[in-house]
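Comments concern the structure below.
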Amino acid sequence: MKPRLLDLCCCQGGAARGYANAGFDVVGWDTDPQPRYPYEFHQGDALAVLRDRAYVQSFDAIHASWPCQFFKKGTLRTVKPALDLVTPGRELMLTYDMPWVIENVMEASLDRARSIVLCGEMFGLRTIRHRRFEPSPGLTLVAPRHERHKRRTAHSRRREMWERGYHASFTGDIGTYAGPEGMGIDWMTGNGLSEAIPPAYTWFVGMQLMNVLTTTALARAKGDQLDMVSAP
């Protein structure tokens with residue numbers, strides 16, 4: 638049976654695809670309908686989900702991509718108020734004895750001493766899209782070497798910039814056009830791509846989570862065997 642991963646604030650499933658590729662059975666939750674989410678999906682509030690202890694404890698790991706608008710400069714904060722959900726979300730996640738990961742933009746209030754930064758060029762993608770990943774206490778994530786960027790990113794929405802070899806920032810119509818090569822995503826809308834992370838990121842993180850869960854399961858099984866041998 639595959640380990641189960643709870644994917645909170647899942648949007649259209651960029652993170653989910655990476656975890657699934659790493660071997661997890663992924664279940665997503667989001668406040669908005671997500672018909673393009675490629676796995677089991679439920680609509681609901683992520684904080685409310687975390688308060689349902691019996692439900693959360695049916696999983697082996699948690700991933701949360703709390704909304705980033707509160708932290709990003711020049712975003713929808715000028716249109717509608719944005720809330721910091723990282724802080725209350727982390728507080729609830731800390732109450733669970735299982736590995737978890739919080740993903741967010743570089744400006745977010747993540748633990749910079751413990752978080753890692755992933756970049757599209759680390760995985761051969763034509764986008765930069767830096768993202769931080771903060772692991773749960775006791776879990777250490779290791780990132781690939783962050784080399785100097787090889788290409789410039791075109792923030793223009795014109796497709797010819799992509800065709801000239803620039804990286805894409807994935808806004809406007811360039812998103813669905815360049816998504817497969819730039820992000821490793823071919824099922825999302827342009828809006829979905831603008832908020833997504835490449836599945837390669839969570840595949841990389843997910844493989845490390847899988848190693849931790851496997852090691853823990855083996856240690857638990859060995860302990861059970863020793864208990865059986867020592868029992869009168």
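Under my numbering, residues 638 to 869 are what the sequence shown spells out, in order. We put the CB at the ideal spot given by N, CA and C, even for glycine.
What separation, rounded to the nearest whole angstrom, lies between the Cα atoms of residue i and residue j?
i, j, result
"Gly829", "Glu740", "16 Å"
"Thr813", "Thr826", "6 Å"
"Val779", "Trp840", "13 Å"
"Ala683", "Thr732", "15 Å"
"Gln649", "Tyr692", "22 Å"
"Glu818", "Phe770", "23 Å"
"Arg782", "Met759", "8 Å"
"Ala657", "Val663", "6 Å"
"Gln845", "Gly660", "11 Å"
"Lys639", "Glu744", "34 Å"
"Asp734", "Cys705", "26 Å"
Mind reading off the beta-carbon distance from residue i to residue j? Whole number of angstroms is fine, and I expect it under 8 Å.
i, j, result
"Ala652", "Ile765", "In fact, because the Cβ distance is near 17 Å, the residues do not count as touching under 8 Å."
"Val849", "Leu776", "6 Å"
Which of the three DSSP states, helix, strand or coil, is assigned to residue i?
i, result
"Val599", "As displayed, the chain neither begins before 638 nor continues past 869, which places residue 599 out of reach and without an answer."
"Pro704", "coil"
"Arg690", "helix"
"Gly726", "helix"
"Arg714", "Reliability fails at Arg714, whose pLDDT of 44 lies under 50, so the model's placement of it is uncertain and the value that follows must be treated cautiously. Helix at Arg714."
"Arg641", "strand"
"Gly665", "strand"
"Phe696", "coil"
"Gln649", "coil"
Is the stretch 671 to 688 touching the stretch 743 to 763 in the sense that three or more CB pairs, one from each, lie closer than 8 Å?
no
Original post:
What are the start and end residues of each continuous beta strand (DSSP E) run of 3 or more residues lying completely inside the stretch 729 to 778, in chain order?
Top reply: 737 to 741, 753 to 755 and 768 to 772
Quick one: which unbroken alpha helix (DSSP H) runs of 4-plus residues sit fully inside the stretch 811 to 838? Chain order, please.
811 to 820 and 827 to 832
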